[in-house]
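Enquirer: I am attaching a structure below and will ask some questions about it afterwards.
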Amino acid sequence: MTAVQAEPFDSNVKDCLEAPEKCGQEAETKQDGQTGQDQQTERTETVGVTIWDMLKMMGALLLVVALIYFLLRFVNKNTRSYQQTKVIQHLGGSSLGGNRSIQVVKTGDRLFILGVGENIQLIKELDDPKEVEHIVSQYNDQVDQLLQPKDALTNILNKWKKKDEHAKSQSNSFETLFEEKLSELKRDRKEQIEKITNKEKKRDE
1 MTAVQAEPFD
11 SNVKDCLEAP
21 EKCGQEAETK
31 QDGQTGQDQQ
41 TERTETVGVT
51 IWDMLKMMGA
61 LLLVVALIYF
71 LLRFVNKNTR
81 SYQQTKVIQH
91 LGGSSLGGNR
101 SIQVVKTGDR
111 LFILGVGENI
121 QLIKELDDPK
131 EVEHIVSQYN
141 DQVDQLLQPK
151 DALTNILNKW
161 KKKDEHAKSQ
171 SNSFETLFEE
181 KLSELKRDRK
191 EQIEKITNKE
201 KKRDE
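In full-length UniProt numbering, the protein residues as written are 1 to 205.
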């Protein structure tokens with residue numbers, strides 16, 4: 001077993017003694033290969049994120065934000081013009097349960113409160129100009145907040161800020177206004193029923 005291991009060593013030594021030039025070339029080739037591998041490893045280790053890469057990333061981010069901003073402005077402008085050219089405009093409503101709801105519809109400068117169920121009935125027409133202006137201004141404020149580019153970008157970049165609370169409070173005030181109108185209508189109807197009942201009693205007497 002010792003002889004088998006010694007033969008390649010003796011043969012290698014013999015080859016180097018007989019042809020020393022070849023033996024030196026093989027050693028140089030091995031050293032050159034090792035040096036090339038070391039240089040490649042060093043180059044791989046030096047590759048990383050540079051300041052130029054950071055600047056390119058920031059530029060791409062600013063470009064995307066600018067595109068979103070101008071896109072939202074374009075959508076806001078088109079929505080505004082479309083709403084102004086509509087003959088009938090739906091301003092909102094409140095659900096009463098059982099597939100029944102109350103809706104507010106604007107036609108020209110007039111506002112109508114409609115009861116929607118199996119049939120659509122006109123409950124009341126709002127004639128007070130101040131009241132009409134108040135409801136329309138509330139609706140426009142809600143639309144502006146939903147479509148305003150600055151608010152949309154703020155919600156995207158600053159998710160931790162509570163921008164939706166203001167919109168929710170305005171939505172609640174709009175629903176409160178509906179409930180007040182509904183209670184007024186109920187009172188008016190109750191008074192009318194009482195008047196009719198009293199008239200019938202007087203006739204019977």
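Ideal Cβ positions, reconstructed from N, Cα and C, are used throughout, including at glycine. All values reported here derive from a predicted model rather than from experimental measurement.
Taking L111 as the reference, give the member of R187, K181, V49, K190 with the closest Cα.
Expert: The shortest Cα separation from L111 among R187, K181, V49, K190 belongs to K181.
Enquirer: Take the Cβ of K202 as the centre, count every other Cβ of all protein chains shown within 10 Å, and call the residue buried at 16 or more, exposed below.
Expert: So K202 counts as exposed.
Enquirer: Going along the chain, which residues of its own chain have a beta-carbon closer than 7 Å to the beta-carbon of N99, five neighbours each way excluded?
Expert: Only G117 meet the Cβ criterion.
Enquirer: Among F174, Q142, E184, R187, which one has its Cα closest to the Cα of N76?
Expert: Among F174, Q142, E184, R187, the Cα nearest to that of N76 belongs to Q142.
Enquirer: DSSP puts F112 in a beta bridge; with which residues?
Expert: Its beta-bridge partners are V105, E125.
Enquirer: Give me the Cα-Cα distance between Q192 and Y139, rounded to the nearest whole angstrom.
Expert: Cα to Cα, Q192 sits roughly 32 Å from Y139.
Enquirer: Would E122 and L114 be called neighbours here (beta carbons separated by less than 8 Å)?
Expert: The sequence given here has Leu at residue 122, not Glu. Yes, Cβ-Cβ distance for L122 and L114 is below 8 Å.
Enquirer: Tell me whether F74 is buried or exposed, calling it buried when 16 or more other Cβ atoms sit within 10 Å of its Cβ.
Expert: With fewer than 16 Cβ atoms within 10 Å of its Cβ, F74 is classed as exposed.
Enquirer: To which residues of the same chain is H90 closer than 7 Å at the C-beta, ignoring the five residues directly before and after it?
Expert: Once the five neighbours on either side are set aside, the close Cβ partners of H90 are Q103, V105.
Enquirer: If you draw a straight line from the alpha carbon of F174 to that of K124, how long is it in whole angstroms?
Expert: The alpha-carbon atoms of F174 and K124 are separated by roughly 17 Å.
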